[in-house]
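Oh and the sequence shown: position 141 is 141 in the UniProt record's numbering, straight run, nothing missing.
Glycine is no exception: its CB is placed at the ideal position from the N, C-alpha and C atoms.
In what follows, a single structure is set out as structure tokens and then discussed.
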Amino acid sequence: MTMKLVSPGEAAANSNDIPAEAGEEFVRIGEMAKKYGVTLRTLRFYEDKGLLNPKRDGSTRLYTRRDKARLKLILLGRKVGFSLRDVKQMMDLYDPTGSNTKQLRLALDKSEKQLARLQKQRTLIEDAINELSNSMTVVRRMLTERAAPQASAAG
Numbered sequence: 001m002t003m004k005l006v007s008p009g010e011a012a013a014n015s016n017d018i019p020a021e022a023g024e025e026f027v028r029i030g031e032m033a034k035k036y037g038v039t040l041r042t043l044r045f046y047e048d049k050g051l052l053n054p055k056r057d058g059s060t061r062l063y064t065r066r067d068k069a070r071l072k073l074i075l076l077g078r079k080v081g082f083s084l085r086d087v088k089q090m091m092d093l094y095d096p097t098g099s100n101t102k103q104l105r106l107a108l109d110k111s112e113k114q115l116a117r118l119q120k121q122r123t124l125i126e127d128a129i130n131e132l133s134n135s136m137t138v139v140r141r142m143l144t145e146r147a148a149p150q151a152s153a154a155g
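Below is the structure:
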């Protein structure tokens, strides 16, 4: 999983500390959920876990560009099998004013380990598919053999 590095100017543009007058576009929870194919409950859960930090207007959650970027990273991380804890750990290391070397090293280390796990799973799945295919071939043969005597007896 790679994290996008941005300039300090871009980071400021992505910060949740910018007032609405500065041109920040906010998205409500329903729009956010629909756009990214997640439930409202999922977004609230990510907020509770500290992965997202939407602004509040009363009880209304307002998501920023930064929240959208973070949600994309969360969903990518989950898609490739990272735990939410791993995703949070990698995202929390992001420093808009730094080189993010520590973040990149951690992301690479976790990615290499996850790739090894996925490759092992793929091998196990391929073995299971082969065994199941072989079993199905045997069963088909048995059915063909048992259907043949009945066809000759009927004739």
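Go to T42, then tell me how far its alpha helix (DSSP H) extends in each direction, as first and last residue.
Taken as a continuous stretch (DSSP letters only), the alpha helix (DSSP H) holding T42 covers L40 to D48.
Ignoring anything shorter than 4 residues, give me the alpha helix (DSSP H) runs that lie fully in the segment 50-119, in order along the chain.
Complete alpha helix (DSSP H) runs here, min 4: 65-79 and 84-92.
CA-CA distance, K68 and E31?
Looking at the two C-alpha atoms, the distance is approximately 11 Å.
Report yes if the CB atom of K72 is closer than 9 Å to the CB atom of F26, and no otherwise.
Taking 9 Å as the Cβ cut-off, K72 and F26 do not qualify as a contacting pair.
For a cutoff of 9 Å on Cβ pairs, would you count I74 as touching chain D?
Going by chain labels, chain D is absent from the structure shown, which holds only one protein chain.
Give the C-beta separation of residue 161 and R117 to the nearest angstrom, bearing in mind that I take them to be a contact with Cβ-Cβ under 8 Å.
This structure does not reach residue 161, given that the chain is present from 1 up to 155, and the question cannot be answered.
Buried or exposed for Q103, please, with buried defined as at least 16 other CB atoms from any protein chain shown within 10 angstroms of its CB.
Per the 10 Å Cβ criterion, buried.
Start and end of the alpha helix (DSSP H) containing E31?
Unbroken alpha helix (DSSP H) run through E31: I29 to Y36.
Measuring only from the beta carbon, is E25 closer than 8 Å to any heavy atom that is part of the ligand ADP?
Here there are no bound small molecules, and the ligand ADP is not part of this structure.
For E24, which three-state DSSP category applies?
Correct three-state label for E24: coil.
Which residue's Cα is closest to the Cα of L40: D95, S99 and L62?
Of the candidates D95, S99 and L62, the one whose C-alpha sits nearest the C-alpha of L40 is L62.
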